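Student: Residue 223 in the working numbering sits at position 28 of the sequence shown; the count goes up by one each step and never skips.
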Amino acid sequence: MEEEDDLIGLDIIDNEPDYSKSIEENNKKLADQYLEKYGEVPE
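#1: To which residues of the same chain is residue 230 closer than 6 angstroms at the C-beta, ignoring the five residues directly before and after it?
#2: Since residue 242 and residue 222 should fall inside the 8 angstroms C-beta cutoff, what is the C-beta to C-beta distance between them, to a whole number of angstroms?
#3: Note down the Cα distance separating residue 217 from residue 208, rounded to an integer number of angstroms.
So, in structure tokens, the structure goes:
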């Protein structure tokens, strides 16, 4: 039986922080990427 390589979670989200921005700005960017890809943001 062959396994499929499904991408999950942060595998397809760029979660590298921008060190010139605040934590809140980086979290908003990450939340926006999740929303665009999955249609919802995990809490």
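For every residue, glycine included, the Cβ atom is placed at its ideal position computed from N, Cα and C. If you're wondering where the values come from, they're calculated on a predicted model, not measured in any experiment.
Tutor: If we stick to the structure as given:
#1: Working through the sequence shown from its first residue, we reach residue 230 at position 35. Exclusion of the five residues before and after residue 230 leaves 236 as the residues of its chain whose Cβ lies within less than 6 angstroms of its Cβ.
#2: Past the edges of the chain, shown from 196 to 238, lies residue 242, and the structure says nothing about it.
#3: If you number the sequence shown from 1, residue 217 lands on position 22. If you number the sequence shown from 1, residue 208 lands on position 13. Going from the Cα of residue 217 to the Cα of residue 208 covers about 19 angstroms.
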